[in-house]
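Engineer:
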Amino acid sequence: MDEVPDEVHGGSEPEASDSLKAFGEVVKTFRRRAGLTQEAFAPLVGYSVPTVASIEQGRRLPSVGFVEKSEVVLDAFGVIRAAAKHLARKPGLAKWFHQWAKLELQAVTLYTYENRLVPGLLQTPAYAKTIFDERIPALDDDEIETRIAARAERKKLLTERPHTIYSFIIEEHVLRRQTGGPQVMRLQIDHILDICARRNIDLQIMPQSREYHAGLDGPMRLLETPENRWYAYCEGQENGLLISDSKVVSILQKRYARMRAQALSVEDSLSLLLEMRGAP
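Just so we're aligned, residue 55 is where the sequence shown starts under this note's numbering, counting upward by one.
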């Protein structure tokens with residue numbers, strides 16, 4: 055995997071690109087050159103037919119594994135790998151976020167601490183729509199729909215990667231804030247309870263009663279790649295910072311480990327969520 059820079063900054067607007075469609079056309083061309091249908095090609099690269107179709111149509115960002123397997127199976131002379139290098143951005147994702155989003159696709163471990171909003175991977179469409187509807191500067195309807203669709207696509211990570219370990223730590227006040235109103239938050243909490251029933255996903259709540267904890271410097275995300283390389287990501291209002299410096303990542307790992315000890319246990323967190331939700 056190519057090295058990523060220690061810092062990545064960008065503007066606030068997501069940038070739509072034709073690179074996904076171009077990549078899809080490249081794969082389709084080489085697949086047809088090899089005389090393969092999508093149904094015949096899919097098992098050779100270890101992906102489903104719908105996934106192959108989505109990639110060829112430019113609707114889905116290919117994983118590193120898909121790129122490498124397609125290159126080999128289709129004997130593509132390095133063209134597929136070369137085309138993949140230009141998949142810098144995905145419609146609906148902020149420009150500063152695209153490199154982290156690519157790393158997420160192959161993560162074997164993913165940790166998230168959030169003190170502002172429910173993490174994007176856990177958001178319901180109604181919760182996400184509330185966030186985008188109230189954004190300043192205002193977004194038009196098409197932009198909102200694009201962002202909601204991109205968020206829904208990212209959320210598939212939680213169900214399509216059952217061997218990845220996910221840990222979330224969320225501040226209690228985030229879950230008590232009635233974002234979108236009581237009904238939206240009740241459905242949001244229901245969704246969190248449902249998704250966290252999976253054995254590879256843990257959620258812990260940082261209680262409001264905790265006077266101090268190790269995450270007061272702000273939200274953070276940590277992930278481990280299949281090569282056991284760790285990266286971190288921190289985000290502000292109009293920028294993002296991707297960190298590959300092992301010393302800095304190690305500091306953030308230590309802080310996250312301390313937070314896991316300072317937050318409520320998984321069992322107590324789920325009990326608190328049920329209490330917040332109230333009667334059905």
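Note that beta-carbon positions come from the ideal geometry of N, C-alpha and C, so glycine has one too.
Going by the CB atoms, is the gap between T218 and T163 shorter than 9 angstroms?
Structural biologist: yes
Engineer: Determine the DSSP secondary structure at E214, reduced to helix, strand or coil.
Structural biologist: helix
Engineer: Alpha carbons only, please: which of E168, A203 and R170 is nearest the one belonging to P179?
Structural biologist: A203
Engineer: Check whether the region 274-291 touches the region 304-314, taking contact to mean three or more Cβ pairs, one atom from each stretch, closer than 8 angstroms.
Structural biologist: The answer is yes - the region 304-314 touches the region 274-291, with three or more Cβ pairs under 8 angstroms.
Engineer: Under the three-state reduction of DSSP, which class applies to Q258: helix, strand or coil?
Structural biologist: strand
Engineer: Is R201 near F186, with beta carbons less than 9 angstroms apart?
Structural biologist: yes
Engineer: Please say whether Q316 and M260 have beta carbons closer to each other than 9 angstroms?
Structural biologist: yes
Engineer: According to DSSP, which residues form a beta bridge with F222?
Structural biologist: The beta-bridge partner set that DSSP reports for F222 consists of T166 and L257.
Engineer: Please report the straight-line C-alpha distance between S319 and V127, rounded to a whole angstrom.
Structural biologist: 46 angstroms
Engineer: Should A94 be labelled buried (16 or more other beta-carbon atoms within 10 Å of its own) or exposed?
Structural biologist: The residue is exposed, with fewer than 16 neighbouring Cβ atoms inside 10 Å.
Engineer: Taking the beta strand (DSSP E) that G294 falls in, what are its first and last residues?
Structural biologist: G294 to I297 is the span of the beta strand (DSSP E), which, as asked, contains G294.
Engineer: What number of angstroms, rounded off, separates the C-alpha of K82 from the C-alpha of A130?
Structural biologist: 11 angstroms
Engineer: Helix, strand or coil for R283? Go by DSSP, reduced to three states.
Structural biologist: coil
Engineer: Do G294 and Y287 come within 9 angstroms of each other at the CB atom, strictly closer than that value?
Structural biologist: yes
Engineer: Among R170, R264, R253 and S304, whose alpha-carbon lies nearest the alpha-carbon of E321?
Structural biologist: R253
Engineer: Check the C-beta distance from I249 over to V172 and give it rounded, since I have them as a contact under 8 angstroms.
Structural biologist: Contact between I249 and V172 does not hold, since the beta-carbon distance rounds to 11 angstroms and is not under 8 angstroms.
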